[in-house]
Amino acid sequence: MWASDVLSLLNPWWEGGRSPTVEEWEDKEVRWRPSWLRQLSLEPFSLNIVVGPRLVGKTTGLHLLVEEQLSARDPLSILYLNLDLAFSLEAFKSLIDAYLRMREARGIGSSLIILDEVTSIQGWWRLVKGYVDAGVFRRDVLILTGSSSLRLKGEVELFPGRMGKGREVTVYPLSFREYLAVRGIEVEASGSLEDADVLLPQAGRIRGLFEEYMETGGFPLSVNRDPRAVEYFIRSLEGEVLRVGRSLDLARGVLSSILRAAPSPVSFNSIASSLSISHRTVREYVELLSGLMVLGQALHLDKAPKFRRERKFFLRDPFLARAISMWTATEILEPALYEWVVQEHLLRKFGAVYYQRDSYEIDVLADDLRIEVKAGKPRRRYPKRVKVLDKENLPLFLALI
Numbered sequence: 007m008w009a010s011d012v013l014s015l016l017n018p019w020w021e022g023g024r025s026p027t028v029e030e031w032e033d034k035e036v037r038w039r040p041s042w043l044r045q046l047s048l049e050p051f052s053l054n055i056v057v058g059p060r061l062v063g064k065t066t067g068l069h070l071l072v073e074e075q076l077s078a079r080d081p082l083s084i085l086y087l088n089l090d091l092a093f094s095l096e097a098f099k100s101l102i103d104a105y106l107r108m109r110e111a112r113g114i115g116s117s118l119i120i121l122d123e124v125t126s127i128q129g130w131w132r133l134v135k136g137y138v139d140a141g142v143f144r145r146d147v148l149i150l151t152g153s154s155s156l157r158l159k160g161e162v163e164l165f166p167g168r169m170g171k172g173r174e175v176t177v178y179p180l181s182f183r184e185y186l187a188v189r190g191i192e193v194e195a196s197g198s199l200e201d202a203d204v205l206l207p208q209a210g211r212i213r214g215l216f217e218e219y220m221e222t223g224g225f226p227l228s229v230n231r232d233p234r235a236v237e238y239f240i241r242s243l244e245g246e247v248l249r250v251g252r253s254l255d256l257a258r259g260v261l262s263s264i265l266r267a268a269p270s271p272v273s274f275n276s277i278a279s280s281l282s283i284s285h286r287t288v289r290e291y292v293e294l295l296s297g298l299m300v301l302g303q304a305l306h307l308d309k310a311p312k313f314r315r316e317r318k319f320f321l322r323d324p325f326l327a328r329a330i331s332m333w334t335a336t337e338i339l340e341p342a343l344y345e346w347v348v349q350e351h352l353l354r355k356f357g358a359v360y361y362q363r364d365s366y367e368i369d370v371l372a373d374d375l376r377i378e379v380k381a382g383k384p385r386r387r388y389p390k391r392v393k394v395l396d397k398e399n400l401p402l403f404l405a406l407i
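Its first residue numbered 7, the sequence shown is counted upward by one per residue in my numbering.
Printed below as a string of structure tokens:
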């Protein structure tokens, strides 16, 4: 009885209702259909795994997918479970088994099964892997999501050859170029700042939207200026840290040390010294925060990346940065915010970013790009191959690259 009540609550379309999540989305002033939905495989058998930070819009995207699929599928063939509501592996199994019995009784041959926030359940993969190996889902499409890429990606390796046609998809907050598209400005990526002239008619509006983006970032709640956004983000981050048995005080301390040093490089030993902890503990917290997609890292690059040198850390979204600043009571320098948005943009495009310090410093290296980021006008000359970005041309660079 408990299982059937939960299933009915989470799947209102079984009884002709609509998803409250979709109705709430329709009421938003700024809304968009997430582009990552196009990456999912909807052909059986598929086991898709979707990772991304909390509040990035994974759940809303999945409910929009359900709404679209209802036009072509039996509503009872679509199962959505939010596993934040399942308090144990046994409860998870009870919900799955109740659905399997129901669909067999109804003669449903193929289902779309969405398991949202699977990492809320310790050992979730054992149950899913067991059913996959037994062929229970051989005619189904599964979509599994998790907010902690650190934990989830480690467990993905337990599914070798078991994902069928499925894919692993990473969900990010909106980049500035995506933010422009949501706000009605479509820019074709040319890959070169030299093409900025084509943006001349829209340059003023692009710069204005960039200032807004630096306040709101790319999370749905913050883009819509929801006053609850900061509180929700901090609560979710604290929950993730506690869930893996780590200390909130140490997580806050590591982040505060990074913010105080930014945008300069800093070593694990330097952070450890400031907190009176070991450099190994610092490394563990950096790995955790990187896995949660809070922190990015840029290694020093000589002829090869230097893993033992100081590294630059960056927060991966402007809203996230401001929320972390409030959580740690640590001010962020404006030059750091501008450098971070460039580092994140190029990290997504090229997969890795670096910095260089020789006779002169280069803030960001990615592929064949050499970038120096200045909050104001540059006071010195740089080699021709180094692109200098300031408040005027930085928004255009992000729009084009």
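Glycine included, C-beta positions come from ideal geometry on N, C-alpha and C.
Since the structure is predicted, the reported quantities are computational estimates derived from the model, not experimental observations.
CB contact check: residue i to chain B, cutoff 7 angstroms
i	result
Arg376	Although the question refers to chain B, the structure presented lacks it and comprises just one protein chain.
Secondary structure of residue i, DSSP reduced to three states
i	result
Gln303	strand
Gln62	Per the sequence presented here, residue 62 reads as Val, with Gln not at that position. Three-state result, Val62: coil.
Gly136	helix
Val272	strand
Gly67	helix
Gly210	helix
Ser100	helix
Leu353	helix
Element boundaries [alpha helix (DSSP H), containing residue i]
i	result
Phe143	Counting along the chain, Phe143 falls outside any alpha helix (DSSP H), and DSSP gives it neither H nor E.
Leu321	Taken as a continuous stretch (DSSP letters only), Leu321 belongs to no alpha helix (DSSP H), being part of the beta strand (DSSP E) at 318-321.
Ile264	254-267
Ser10	8-16
Val229	226-229
Val236	235-249
Pro401	400-406
Distance between residue j and residue i (C-alpha atoms, nearest Å)
i	j	result
Gly302	Leu353	9 angstroms
Met108	Glu123	23 angstroms
Val347	Arg266	17 angstroms
Thr66	Lys380	37 angstroms
Ile1	Leu307	Since the first and last residues shown for the chain are 7 and 407, residue 1 lies out of range.
Under 7 angstroms between C-beta atoms of residue i and residue j
i	j	result
Gly63	Pro40	yes
Leu89	Ile127	yes
Ala304	Val236	no
Gln349	Phe325	no
Thr334	Arg258	yes
Pro207	Ser116	no
Pro179	Asp323	yes
Glu163	Ile55	no
Leu53	Met220	no
Glu316	Pro271	yes
Val229	Val28	no
Ala9	Leu101	yes
Phe239	Ala329	yes
Tyr361	Lys318	yes
Leu150	Gly129	no
Leu48	Val134	no
Ser282	Ser263	no
Arg213	Pro26	no
Arg44	Leu82	no
Leu256	Tyr291	yes
Trp19	Leu106	no
Those residues which DSSP pairs with residue i across a bridge
i	result
Arg363	Glu367
Ser52	Val147, Gly170
Arg376	Leu371, Val392
Ile127	DSSP, once it has assigned bridges, lists no residue as partnering Ile127.
Asp122	Asn88
Lys312	His306
Val175	Val56
Gly152	Val57
Run of the beta strand (DSSP E) containing residue i, from where it starts to where it stops
i	result
Phe325	Segment 324-334 is the alpha helix (DSSP H) holding Phe325; no beta strand (DSSP E) there.
Asp33	No beta strand (DSSP E) holds Asp33; DSSP gives it neither H nor E.
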